[in-house]
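According to mature numbering (1 follows the signal peptide of the UniProt record, and there is no 0), the stretch in the sequence shown is residues -25 to -1, 1 to 1096, in order. Cβ atoms here follow ideal geometry from the backbone N, Cα and C, with glycine treated the same way. Reviewing the structure listed below.
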Amino acid sequence: MNKLRKTLALFLTFFLLLIPISVQGAINPIHESGELQRIEPRSFVPNESQNNPTLIHQESTKEMIASGIELTRFHRFDSLGWNKGATLSVELTKPGVQTNLLTPGQVASSEALSKQMQKSGAIAGVNGDFFDIRNTQAPLGAAVQNGKVLKSGGTRNSAFVSKDHLGQITSLLFEGKVVAQEKTFTLSAINNHSIENDHLNLYTSDWGNASRQHLKEGAHVYSEVLIRDRKIVKHFDGQVYSDALKDGESLLSGKGKAAEFLRSLSVGDSVDIQIQTRPNAKDLFFAVGAGDILVKDGEVATKDNGPVHPRTAIGFSKDRKKMILTVVDGRSNDSRGMTLMQLAEFMKEQGAYHAVNLDGGGSSTMVSRPLGEGGLKVVNSPSDGQERPVPNGVGVWNNSQTGKIKGFKIETRSDRVFPKFSRDFKAFPYDTAYAPMKLTEQQMHWYANGSIGTFKGNGSIFKAMRPGKGYVTVRHKAVSSRKEVRVLGELASLSIKPDHIGLDQGKTANFLVTGKDAEGYETYIEPRDIQLSYDNNVIEVKAGEDGSFTVIPKTDQGATLIKAKAGKFTAHLGVTVGLKSNTIETFEDQSKPWKFEKFPTEVIGSLSYVDSPGHGGKAIKLDYDFTTSDRTRAVYTLPPNTFLELSGDVKKIGVKVYGDEGNHHWLRTRIRDANGTYHTLDLANQVNWKGWKYVEAAVPAGVKFPISLNQIYLVEPDIKKKDKGFIILDDVTTKVSTTLDVPETSVTKHPMVLQNKPISTKMWKFAVLTDLHLVSDSPESKEVKNAIAAIKDVQKSGVDFIVFNGDMIDHDTKENFAFLKKLLDEHVNVPYYVVPGNHESYGSGNLNHFLQTFRLKNAFQTFDHKGTRFVILNTSQGGLRASDSQQWPRLLEVLNKTKKDQTIQKLVILGHHPLFDQLSSHTSQFTDSKEAALVQKQLTQFKEESKKEVMMITGHAHSNHFEKRDGVTYAIVGPNGKRPYAPKDKGGFFAYAVFGMSQNASQKQQSMPLFTQERSRVVDVRPILEDAKVDKEAFSVGKEETVTLIGIQADNYTFPIQYPANVQFIAGEGLVIKEKQGQITPYVNAYFDPQKKIVYFIREGTAKLTMKVGSFEKTFILEGK
């Protein structure tokens, strides 16, 4: 299954394991009347060892690839992270099933597993033995094929299947002797990659062409004799025979005493070579060399819980009639791999009574024939990025065919589709022996049940009609198979992923056009349903079979806008070809020197101009001393005027860095775009090199040009990492593309977000404040002032409680927590709840101070309030598992119980980190995107099964954003402190939120339309304002004119007051508030449309307009002339 298909396969068969625990008790509220965007928990120690990781969730798919051979693909999520792989279950005694050793045709050779299988006709297999990877490529252990010994393996373990179809794991002991001139000498090995001193080895034509020159190394006496037709035909004293052996030829090679024995023989002497193995190789189909025993007599037999790697294993059931072949991927975010002990536990779980480890790492490979298809496909994802050549493998065959159809495997890239759009399906027929069959399109008939859609003629293209779930069915004669399909709601928005493509000449890139319905359910749209327009002088676009489009450049440098239209919706993708490099700063001019800053104040550092080591000319040197503070420490260099404007559409920013004393610290840069939004970019996660290195960072797509360079800085958040050093910077460079104007994407407004109206008095309310970032030694900071102002305001609003949703402090110190607690004690007079963020653990890597300060036993909390259940998550380390893996079973249990609890009709999840960051940088979200997707899946499943409303409220992204994903509302509340990250006109402002909730809803209410449901919970997003103004106060009579309200916040931060901010308007003297002009009213000079922000004066005069945000009010005198 390709990557795209994996991405779009949104519904898989899965098995959920709930770990038995006691129910987490509800908690009582607490009631007593350097700027970093990304988590780098370098000092964090996982809360669970890898001895026995606890399974959280697993998904698997099974298919019979032939009679007696079943393939299972799995994804497992446990307390240590993700693993994925596959298992082949082989019924050894099933008629038609055969097993054997796969080889390239020579012992000392290696070849991709798929090629070995193609030559032999195997339909499934895995890689086999460890091997001499840096030299001969020969396997290290025994190798038997069709009862013939290809290679001995000493005392190494072997796995084999006997000719009575029974599996076994033991050593294949080799015994041999050579008799010549009435002398006998023990034969130690056959076709081995090495010779021990005083040992005698036999080499046959099976060895191949690999050189054996290394065999004589370290030998005082070395000798070989060439044997043909059982007679010695040539001596090689002190030399290695270099030609490949022919059929009927063999070679005896010896060191030490074995060499003396060979020297005593003469050309023409008869040689009797006697070989046997225990068990007898002639009784075996195959034997393959192996490593450590994993499972013995049904129990885990290894205590090796060390390195984590990709793994391959072979095992057998207790009755020895079933063979189990397993491959586990590793060394990637998708799959970490396993220790030997974890692999042993897994093999035991799969039913292995005996199991042994095969070669792993980059060698781990499984290849199989897919059900209903011819040919072979690599099942797993080898860690080298492609198949590694290996010396052998374990192959499986079953060529049985009946020609009688049993069913179809139905595939589609997504089982979702929008009404009036199409979806491609494919059917792969197989017979009663699960062998692939060939049927024409005319022999396969497709249809869909109910009114969800239709198939035209005999084709496999489904045309969706009405929303709903149903099945598509394919039939041949009386045999049919079906697959579930879901027709979503009407298409409500269109987007292209990615939102920008930058290409070099000769390179290509892919994009996908996707849509969402009103409930946030998303899927891709087939190319046939999309109309594209672009400049075909710059690029060519081709539709792929996987639903994506490929962009092919046709020029060395240029740009074009791709416009995609589907239905009545359009989306745009900017494509640039080629980049031009510009060196914008060489540090040669010292008349306007770059500036130095540091954080915090106790950090010691300096900036100086120095001779550039080995380059000539000047460079700047940043000295630092990070030993003086326990906080996040940083040293900065800034342009002479603080901001250096960068011309053109800058795609990358880079700098040369001399890293001898960078000490693995984090190197970043910060830019400001034309909207005044800052973006922090990573130049290097660690400065871990010697001498010069050029590093660069990509500018996020969607920034408003022109941009300005603000800072380059070295930073260290780890409290344990204290040292001194320096870095040297030279030649700041930009890479610029052809200028291209891409239309801005409009914000999709969430119906829950109130506009121009207060929360209904019939609703109860709670408030969410997040990202306060308080620091004890800055009691007069904007962060403190904003926090106090927000707390006072929400309490005036009559909230039942307040949630402080993480990053309440800026660094984990006792002083900061004491300061926070004192502030809350003095200003909060309603119940409140606290949620940990990443800054609550910054420096320490734990939540000890957080838990002690608020007298909590655990950061994971639950409580019920007026028919709504609240769940507080701990994402302090960037996710659930990394922060505390025991949250997962608790969360799953809460979801399960809440489904059945008739007293609860709404569920609210509170956590600091969003699952997904809507900003193009994607830096402020769960660090594990797969875990984020799993949380989303669980919440969607909860909503669909329980019919209860569910909402997740987060912070961290320093923006105000509200969206629906797969039926669930995700709310990101803006910051109280630091600075906003989002553009000013897209939620980038200091704010807090007041949520209004209806009383316990009835089941009847749950089935109401989306708009009605959303009105049972609303949010009032309130900017923290110091002042406000309008962009104009004078208007022309008889003309509609738009007025922009501008909010003024701390540090003179200004932004347009618009969605999602909620502002209420009050009409004063001379003004009427209404959306449309009607009959002229006496004493009224003007109308104001609050939705469109339009002012219309019907006569000369003045009109008073008052705006209200929370308790903040401001009146403007507007004049019509």
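1. Taking Cβ to Cβ, would you say residue 69 is nearer than 8 Å to residue 43?
2. Can you tell me whether residue 887 is buried or exposed? The criterion is at least 16 other CB atoms within 10 Å of its CB, across all chains shown.
3. Output the distance between the C-alpha atoms of residue 63 and residue 507, rounded to the nearest integer angstrom.
4. Are residue 697 and residue 602 closer than 8 Å when you measure CB to CB?
5. Does residue 869 come out as helix, strand or coil in the three-state DSSP assignment?
6. Quick one: Cα of residue 778 to Cα of residue 469, how far?
7. Where residue 519 and residue 526 are concerned, what is the direct C-alpha to C-alpha distance, given to the nearest angstrom?
8. In or out: residue 1074 buried (at least 16 other Cβ within 10 Å) or exposed?
9. Where residue 105 and residue 125 are concerned, what is the direct C-alpha to C-alpha distance, given to the nearest angstrom?
10. Ignore the nearest five residues each way along the sequence and tell me which others in residue 1098's own chain have a CB closer than 6 Å to its CB.
11. Which of helix, strand or coil does DSSP assign to residue 114?
12. At 3 residues or longer, what runs of the beta strand (DSSP E) sit wholly inside the region 629 to 714?
13. Which of the three DSSP states is assigned to residue 759 in this structure?
14. Helix, strand or coil: which one does DSSP assign to residue 910?
15. Measure the C-alpha to C-alpha separation of residue 796 and residue 830 and round it to an integer number of angstroms.
16. Would you say the beta carbon of residue 908 is closer than 7 Å to some non-hydrogen atom of the ligand FMN?
17. Cβ of residue 628 within 8 Å of Cβ of residue 600?
18. At what residue ranges does the region 800 to 831 contain a whole run of the beta strand (DSSP E), taking only runs of 3 or more?
19. Give the range of the beta strand (DSSP E) segment to which residue 601 is assigned.
20. If you run the structure through DSSP and keep just helix, strand and coil, what is residue 485?
21. Can you tell me whether residue 1165 is buried or exposed? The criterion is at least 16 other CB atoms within 10 Å of its CB, across all chains shown.
22. Where does residue 45 fall in DSSP's three states?
23. Between 295, 112, 352 and 656, which lies nearest to residue 690 when the distance is taken from Cα to Cα?
24. Where does residue 986 sit, in a helix, a strand or coil, going by DSSP?
25. Excluding the five sequence neighbours on either side, which residues of its own chain have a C-beta within less than 6 Å of the C-beta of residue 262, listed in chain order?
26. Taking residue 238 as part of the alpha helix (DSSP H), name the residues at either end of that continuous run.
27. Using a 10 Å radius around the Cβ and a threshold of 16 neighbouring Cβ atoms, would you call residue 433 buried or exposed?
28. With DSSP as the reference, identify every bridge partner of residue 176, one or two as the case may be.
29. So residue 774 and residue 937 are supposed to be a Cβ contact under 8 Å. How far apart are they, rounded?
30. Tell me which same chain residues have a C-beta within less than 6 Å of the C-beta of residue 686, skipping the five on either side of it?
31. Reducing DSSP to helix, strand and coil, say where residue 856 ends up.
32. Which residues bound the beta strand (DSSP E) around residue 150?
33. May I have a chain-ordered list of the beta strand (DSSP E) segments no shorter than 3 residues that lie completely inside the region 912 to 984?
34. Do the CB positions of residue 77 and residue 100 come within less than 8 Å of each other?
35. Looking at the structure shown, is residue 317 part of a helix, part of a strand, or coil, going by DSSP?
36. Would you kindly report the start and end of the unbroken beta strand (DSSP E) that includes residue 1093?
By the coordinates alone:
1. Here residue 69 refers to the residue found at position 94 of the sequence shown. Here residue 43 refers to the residue found at position 68 of the sequence shown. In this structure, residue 69 sits near residue 43, with a CB-CB distance shorter than 8 Å.
2. Translated into the one-based positions of the sequence shown, residue 887 becomes position 912. Residue 887 counts as buried, since no fewer than 16 other beta carbons sit within 10 angstroms of its beta carbon.
3. By 1-based counting over the sequence shown, the position of residue 63 is 88. By 1-based counting over the sequence shown, the position of residue 507 is 532. Going by the C-alpha atoms only, they are around 44 Å apart.
4. Along the sequence shown, read from residue 1 onward, the residue named residue 697 stands at position 722. Along the sequence shown, read from residue 1 onward, the residue named residue 602 stands at position 627. For residue 697 and residue 602, yes; Cβs fall inside 8 Å.
5. On the sequence shown, position 894 is the one that residue 869 refers to. Here residue 869 sits in helix by DSSP.
6. Working through the sequence shown from its first residue, we reach residue 778 at position 803. Working through the sequence shown from its first residue, we reach residue 469 at position 494. Looking at the two C-alpha atoms, the distance is approximately 35 Å.
7. In the sequence shown, residue 519 corresponds to position 544, counting from 1. In the sequence shown, residue 526 corresponds to position 551, counting from 1. Distance between the alpha carbons of residue 519 and residue 526: 11 Å.
8. To locate residue 1074, count along the sequence shown from 1; it is residue 1099. With fewer than 16 other Cβ atoms within 10 Å, it is exposed.
9. Numbered from its first residue, the sequence shown carries residue 105 at position 130. Numbered from its first residue, the sequence shown carries residue 125 at position 150. C-alpha separation (whole angstroms): 15 Å.
10. The chain is shown from -25 up to 1096; residue 1098 falls before or after that span and cannot be answered.
11. Taking the sequence shown and counting its residues from 1, the one referred to as residue 114 is at position 139. Residue 114: strand per DSSP, three-state reduction.
12. List check, beta strand (DSSP E) in window: 641 to 647, 653 to 659, 667 to 673, 682 to 691 and 699 to 712.
13. Position 784 of the sequence shown, counting from 1, holds the residue named residue 759. Residue 759 falls in the helix class under three-state DSSP.
14. As a first step, residue 910 must be located in the sequence shown, where it is residue number 935. Here residue 910 sits in helix by DSSP.
15. Residue 796 sits at position 821 when you count from the first residue of the sequence shown. Residue 830 sits at position 855 when you count from the first residue of the sequence shown. Approximately 11 Å, taken between the alpha carbons.
16. Annotation note on the ligand FMN: not contained in the displayed structure, which lists no ligands.
17. Along the sequence shown, read from residue 1 onward, the residue named residue 628 stands at position 653. Along the sequence shown, read from residue 1 onward, the residue named residue 600 stands at position 625. Taking 8 Å as the Cβ cut-off, residue 628 and residue 600 do not qualify as a contacting pair.
18. 807 to 810
19. Position 626 of the sequence shown holds residue 601. No beta strand (DSSP E) contains residue 601, which DSSP labels as neither H nor E.
20. Within the sequence shown, numbered from 1, the residue matching residue 485 stands at position 510. The answer is strand: DSSP assigns residue 485 an E or B state.
21. The shown model of the chain, from -25 to 1096, leaves out residue 1165, and the question about it has no answer.
22. Residue 45 sits at position 70 when you count from the first residue of the sequence shown. Here residue 45 sits in strand by DSSP.
23. Locating residue 690 in the sequence shown gives position 715, where the first residue counts as 1. Here the closest residue by C-alpha is 656.
24. Against the sequence shown, residue 986 aligns to sequence position 1011. Any reading at residue 986 must be qualified, since the residue scores a pLDDT of 43, below 50, and its modelled position is unreliable; the value itself is stated next. Helix.
25. Residue 262 sits at position 287 when you count from the first residue of the sequence shown. The answer, listed in chain order, is 117, 119, 133, 135 and 147.
26. For this step, residue 238 is matched to residue 263 along the sequence shown. Residue 238 -> alpha helix (DSSP H) spans 232 to 238.
27. Sequence index remark: in the sequence shown, residue 433 carries index 458 (1-based). Exposed, by the Cβ-count rule.
28. Residue 176 sits at position 201 when you count from the first residue of the sequence shown. Looking at the DSSP assignment, residue 176 forms a beta bridge with 164 and 228.
29. Looking up residue 774 in the sequence shown gives position 799. Looking up residue 937 in the sequence shown gives position 962. Between residue 937 and residue 774 the Cβ distance is about 19 Å, and since that is not below 8 Å, they are no contact.
30. As a position in the sequence shown, residue 686 is number 711, starting the count at 1. So the qualifying residues of the chain are 611, 613 and 645.
31. Taking the first residue of the sequence shown as position 1, residue 856 is located at position 881. Here residue 856 sits in helix by DSSP.
32. For this step, residue 150 is matched to residue 175 along the sequence shown. Segment 148 to 155, the beta strand (DSSP E) holding residue 150.
33. 924 to 929, 936 to 940, 943 to 947 and 966 to 972
34. Translated into positions along the sequence shown, residue 77 becomes position 102. Translated into positions along the sequence shown, residue 100 becomes position 125. Yes; because the gap between Cβ atoms is below 8 Å, this pair is in contact.
35. Within the sequence shown, the letter at position 342 stands for residue 317. Residue 317: helix per DSSP, three-state reduction.
36. Within the sequence shown, the letter at position 1118 stands for residue 1093. Element bounds for residue 1093: 1087 to 1095.
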